[in-house]
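Protein chains in written order, with this note's numbering: chain A, 1 to 289; chain B, 1 to 305.
Think of the CB as a built atom: it goes at the ideal place given N, C-alpha and C, for glycine as much as any other residue.
Right, one structure below, let's go through it.
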């Protein structure tokens, strides 16, 4: 039997990209993220700006500040500020369904008998998931850029772009936060052998439990120490460092200044590496029934 | 070249207290159609999963195509449909095969050839979830055939197929064997196995009870004779067929001889004054042999107890 592509990870990645590209659930997840990001990033601030109702979405900002946050120069901030909460939760859902559904449908069983090793197969799946995460962030950036240009033109503002370095830093940081949550979802889907439990537990953890623990941590020192290494804290702090939340208070849910930028980056990277290792170990060792 | 495509040695799988597969040692030879028989829950699928590397044996070894089962270089040369087709429900049949072809590093032509082989080209654009059980099964077989693997493992491939579909599947398996491919066919449809398999292994309660050619398993052909008086008939039959070849049964005499000897036997019986009521060739079906074997075998529960 002759094969067109010899590298098994590349073959697996091509296969996973095909099935993810044609999966309506992936597009629904992307659409929900895009809608939430546009509504909270631009629509509500713009309505607040136009109506003058500062309590609507402005977090007490002045109208000038609201307008400035919708212009292209603010892209690095707007791009990432929704990631710790909505973006992370939806990335978790994406990772959980990509890994978990295959056990219920029996597709992992079929895939594991096609030739590539389990390591290569999962490597391909994770690569495809990563490409999707990058694609989601790139799509978000393109849409945000378009909307911010629209606001610039509508409000007759001078066009000013952010520095390429700031934009790249924001994109890279945002990618790491989304990737970490997507990998958490993938790991949960793998361990649970299905998406339902993984999504349920993951969302409860990301949206509820971590916030509760941080609340308790303010009262109990040992709990506070634990909360500092949790993924929500790390992702929120990384975004907090990118938007400089320490000097520019930002009320966006999930954006934190608990850890320094360096600590947050190291923790997020540790989660990414650790989760990949966990998934590979579990998949390589388990019986597929 | 090694003639053994599959060789297991003491293959065992235990789940807690339950022994699912108990020291199975079997062989599948190159180019043959091997039938793996057993009732539901006998351990067939668990054994096949171990051969494909999907589950790890608790003990024993499985060698496929000359090397350890489950290694990627082996898996790439094996096509398998194990315990029902597992495909992405939102994708069309064709796209599902495209995904699997990409995993195998195969091109579009392999997909179309496989679809045509199972007569699914016309419905290849429909989503998998819209397929009937039989169509899903055919897609699973198509996936197993992609790239002309050396060994094809089909676990209950006729599940859900209508009679015409089952006949098509039998013809397909015949054509695979004629093309030199080795087929390991797991089934509990005994007439199906009797028709298309060269050798069979019978498993029950996790244990391999017997491995033999189908004709060996069914035993020699025999003649059934009803004649009176029976004692005279027995004496004549022993003279013609041999003393050890005659057995008295509730249905008459059973003679271990082929139908070729019937005319001479009848002539001698009539000459001896015996009234001959019936002479008929009998051959045990695989089904009869199977039920004899599996009714004697202990169940997994009994063994665990």
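- Taking C-beta atoms under 8 Å as the contact rule, residue 111 of chain A and residue 121 of chain A qualify, at a distance of about 6 Å.
- Contact with chain B is found for residue 14 of chain A, since one of that chain's Cβ atoms lies less than 8 Å from the residue's Cβ.
- With contacts defined by Cβ atoms closer than 8 Å, residue 231 of chain A and residue 180 of chain A form a contacting pair.
- Put simply, of A:45, A:51, A:80, A:81 the residue whose alpha carbon is nearest the alpha carbon of residue 68 of chain A is A:45.
- Boundaries cannot be given for residue 17 of chain B, as no beta strand (DSSP E) includes it and DSSP labels it neither H nor E.
- Under DSSP, residue 36 of chain B takes part in a beta bridge, and its partners are B:186, B:201.
- In terms of beta-carbon proximity, residue 117 of chain A lines the interface with chain B, with at least one pair separated by less than 8 Å.
- For residue 171 of chain A, the number of other beta carbons within 10 angstroms of its own is at least 16, and it is reported as buried.
- Of all residues in the region 22-56 of chain B, only 49, 52, 53, 54, 55, 56 come within less than 8 Å of chain A when Cβ atoms are compared, listed by chain position.
- Residue 10 of chain B carries a strand assignment under DSSP once its states are collapsed to helix, strand and coil.
- Within a 10 Å sphere around the beta-carbon of residue 62 of chain B sit 16 or more other beta-carbons, which makes this residue buried.
- Membership of residue 124 of chain A in the alpha helix (DSSP H) is indicated by the continuous run 118-154.
- Leaving aside the five residues that flank residue 137 of chain A on each side, the residues in its chain whose CB is nearer than 8 Å to its CB run, in chain order, 79, 171, 174, 175, 178.
- For residue 97 of chain A, the enclosing alpha helix (DSSP H) stretches over residues 88-105.
- Within the same chain, and ignoring the five residues on either side of residue 154 of chain B in sequence, the residues whose Cβ sits closer than 6 Å to its Cβ are 81, 185.
- Put simply, the backbone Cα of residue 18 of chain B is about 16 Å away from that of residue 203 of chain B.
- The shortest C-alpha to C-alpha distance from residue 233 of chain B to any of B:263, B:268, B:124 is the one to B:268.
- Burial state of residue 260 of chain B is exposed, judged by a 10 Å Cβ sphere holding fewer than 16 other Cβ atoms.
- Listed by position along chain B, the residues whose Cβ is nearer than 8 Å to that of residue 18 of chain A are 95, 98, 99, 102.
- Excluding the 5 residues flanking it on each side, residue 157 of chain A has same chain C-beta neighbours closer than 8 Å at 67, 71, 151, in chain order.
- Taking CB atoms only, residue 287 of chain A has a neighbour in chain B less than 8 Å away.
- Take residue 12 of chain B, set aside five residues on each side of it, and the residues of its chain with a beta-carbon closer than 8 Å to its own are 19, 21, 22, 23, 24, 57, 58, 59, 60, in chain order.
- Taking one beta carbon from each stretch, the region 212-229 of chain B and the region 280-289 of chain B have 3 or more pairs nearer than 8 Å; the two touch.
- If only uninterrupted alpha helix (DSSP H) runs of at least 4 residues are considered, those enclosed by the region 223-287 of chain B are 230-241, 262-271.
- Counting along the chain, no alpha helix (DSSP H) covers residue 28 of chain B; the unbroken beta strand (DSSP E) around it starts and ends at 27-29.
- Contact between residue 94 of chain B and residue 125 of chain B holds, with the beta-carbon distance rounding to 6 Å and staying under 8 Å.
- In summary, the residues of the region 62-75 of chain B whose CB is separated from some CB of chain A by less than 7 Å are 72, 75, in the order they occur in the chain.
- Here residue 115 of chain A is near residue 75 of chain B, since their CB atoms are less than 8 Å apart.
- At a cut-off of 8 Å between beta carbons, residue 195 of chain A makes no contact with chain B.
- Unbroken alpha helix (DSSP H) runs of no fewer than 4 residues, entirely contained in the region 189-265 of chain A, are found at 195-204, 210-217, 221-227, 231-242, following chain order.
- For the region 77-88 of chain B, the beta-carbon criterion of a distance under 9 Å to any beta-carbon of chain A is satisfied by 77, 78, 79, 80, 81, 82, 83, 84, 85, 86, 87, 88.
- Residue 42 of chain A is positioned such that its CB atom lies closer than 8 Å to that of residue 147 of chain A.
- Per the coordinates, the alpha-carbon of residue 211 of chain B lies some 23 Å from the alpha-carbon of residue 256 of chain B.
- A:13 is the residue among A:272, A:13, A:7 whose C-alpha sits nearest the C-alpha of residue 125 of chain A.
- Listed along chain A is no residue with a C-beta nearer than 8 Å to that of residue 131 of chain B; the closest approach is about 13 Å.
- The beta-carbon of residue 143 of chain B is placed less than 8 Å from the nearest beta-carbon of chain A.
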